[in-house]
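Worksheet: the structure to be examined is printed underneath.
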Amino acid sequence: MSVSQEVEALLNLLYTEMMKMKGSKMFLVSLLGAAVAPVMVFFMLITYRDRSPGVEILFSNFYNQTHIFIALMIGSLLFGLIATYIINREYQEDTLKNLFTIPVSRTGLLISKLIVLFGWIQILMLAAFLLCLLLGVIGSFEALNISVLTNHFIQYMKTGFLLFCLTPPVLLITMLFKNYVPSIAFTIMVTVIAIIVINSDDYVSIYPWTVPFVLTMEKVPPNFSIYPSILSIALMFLASLSGCLLYLNRADIQ
6 MSVSQEVEAL
16 LNLLYTEMMK
26 MKGSKMFLVS
36 LLGAAVAPVM
46 VFFMLITYRD
56 RSPGVEILFS
66 NFYNQTHIFI
76 ALMIGSLLFG
86 LIATYIINRE
96 YQEDTLKNLF
106 TIPVSRTGLL
116 ISKLIVLFGW
126 IQILMLAAFL
136 LCLLLGVIGS
146 FEALNISVLT
156 NHFIQYMKTG
166 FLLFCLTPPV
176 LLITMLFKNY
186 VPSIAFTIMV
196 TVIAIIVINS
206 DDYVSIYPWT
216 VPFVLTMEKV
226 PPNFSIYPSI
236 LSIALMFLAS
246 LSGCLLYLNR
256 ADIQ
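So the mapping is simple: the working numbering equals the position in the sequence shown, first residue as 1, plus 5.
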């Protein structure tokens, strides 16, 4: 098959995946999931302000507190669930065999799903960012300016990219077990470990599921090197992605 035919087939797969996402209830559920952190932090800050007269709540503080919840807890759980859904849906609906009637390689199929997953994650990160802005205006939070918006927009998009890099392990587990339960159990386990590791100076910069937070902190500790963190998440991404490619290209589709 020529390169142009491969590209055309890949675009057709992308279109199919986007139509599935558009018509899926899971997309609406994921939007609600993305709203959890902003809403929860909003009410925490409002309650704190009501109990401490004279205290001002800054937009930057609101964005940072929400970012902590997303980067360390909600992001891994929510995006892991979405990654599981994207793969497991094909097994549940028995559509994977039909997809291979399209003249595209199995590698191309995985690439199309990764592109859709990345776009989905960034849409949710954008939704969380905009919801923080809306809630901050409603709550009359202070010190909103272009610099704050720009810095935190970049922070949220970078966090989305790094959390996306942690989805291939979930994809691989879903392919191996063809079930939601092992994948969800895995995301819960790595998230709990991340919450524990975040207090460890020795491991916080090298544990892959704390790296999205470490690399997107507003204030980086002095003498902190980002290279171990980048290496950690890059190795996890490449190793699990290689596992996905090996499985897809060697396994028989039942």
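Ideal placement from N, C-alpha and C gives every residue a C-beta, glycine not left out.
Alpha carbon of R54 to alpha carbon of I143, nearest angstrom: For the purposes of this step, residue 54 is taken as the residue at position 49 of the sequence shown. For the purposes of this step, residue 143 is taken as the residue at position 138 of the sequence shown. About 14 Å.
Close beta carbons around S49, own chain, < 8 Å, minus the five adjacent residues each side: Here residue 49 refers to the residue found at position 44 of the sequence shown. A small correction: the amino acid at residue 49 is Met; Ser does not occupy that position in the sequence shown. The residues are Q70.
contact_flag[the segment 167 to 183, the segment 31 to 50] where n(CB pairs < 8 Å) is 3 or more: no
Residue nearest to M130 in terms of C-alpha spacing, selected from L149, C249, H157, N150: By 1-based counting over the sequence shown, the position of residue 130 is 125. Comparing Cα positions, the closest option is H157.
Opposing strand residues paired with L63 [DSSP bridges]: Start at 1 with the first residue of the sequence shown, and residue 63 comes out as number 58. Answer by DSSP bridge pairing, in chain order: E147.
Best match in F242, L220, G59, L243 for proximity to Y232 [C-alpha to C-alpha]: As a position in the sequence shown, residue 232 is number 227, starting the count at 1. It is L220.
Backbone CA spacing between V153 and S65 [nearest angstrom]: Sequence index remark: in the sequence shown, residue 153 carries index 148 (1-based). Sequence index remark: in the sequence shown, residue 65 carries index 60 (1-based). Approximately 6 Å, taken between the alpha carbons.
Status (buried if at least 16 other CB within 10 Å, exposed otherwise) for G80: Within the sequence shown, numbered from 1, the residue matching residue 80 stands at position 75. The residue in question, G80, is buried, as its Cβ has 16 or more Cβ neighbours within 10 Å.
For T164, the three-state DSSP class (helix, strand or coil): Your numbering for residue 164 matches position 159 in the sequence shown. If DSSP states are grouped into helix, strand and coil, T164 belongs with the helices.
Three CB pairs or more closer than 8 Å across the segment 196 to 216 and the segment 132 to 147: no
Per-residue DSSP class, three states only, for L262: Since the first and last residues shown for the chain are 6 and 259, residue 262 lies out of range.
Segment contact, 8 Å Cβ cut-off, at least three pairs: the segment 235 to 249 with the segment 189 to 202: no
Backbone secondary structure at W125 - three-state DSSP: Numbered from its first residue, the sequence shown carries residue 125 at position 120. Residue state, collapsed to three classes: helix.
Same chain, Cβ closer than 6 Å to K163, five either side skipped, listed in chain order: The sequence position of residue 163 within the sequence shown is 158, counting from 1. T221, listed in sequence order.
Whole-Å CB distance - C249 paired with L176, under 8 Å assumed: Here residue 249 is taken as the residue at index 244 of the sequence shown, counted from 1. Here residue 176 is taken as the residue at index 171 of the sequence shown, counted from 1. The Cβ separation is near 5 Å, so the contact holds.
Nearest-angstrom Cα separation, counted from R255 out to L136: Taking the first residue of the sequence shown as 1, we reach residue 136 at position 131. Taking the first residue of the sequence shown as 1, we reach residue 255 at position 250. Those two C-alpha atoms are separated by around 44 Å.
Exposed unless 16 or more other CB atoms sit within 10 angstroms - verdict on S205: Looking up residue 205 in the sequence shown gives position 200. Looking at its Cβ environment, which holds fewer than 16 other Cβ atoms inside 10 Å, S205 is exposed.
Proximity below 8 Å, CB of A39 to CB of F74: Locating residue 39 in the sequence shown gives position 34, where the first residue counts as 1. Locating residue 74 in the sequence shown gives position 69, where the first residue counts as 1. Not closer than 8 Å, so no.
Continuous alpha helix (DSSP H) stretch holding K30: start and end: Residue numbering aside, residue 30 sits at position 25 when the sequence shown is read from its first letter. In the DSSP assignment, K30 falls within the alpha helix (DSSP H) that extends over 30 to 56.
Closest by C-alpha distance to V44, when choosing among H72, L236, I151: Within the sequence shown, the letter at position 39 stands for residue 44. Checked all of H72, L236, I151; the closest Cα to V44 is H72.
Environment of V195 [buried if 16+ CB atoms lie within 10 Å]: For the purposes of this step, residue 195 is taken as residue 190 along the sequence shown, with counting starting at 1. Label assigned to V195: buried.
Residue burial classification, E95 (beta-carbon count within 10 angstroms, cutoff 16): By one-based count along the sequence shown, residue 95 stands at place 90. So E95 ends up on the buried side.
Euclidean distance between Cα positions of A133 and L114: The residue labelled residue 133 in the question sits at position 128 within the sequence shown. The residue labelled residue 114 in the question sits at position 109 within the sequence shown. Whole-angstrom Cα-Cα distance: 29 Å.
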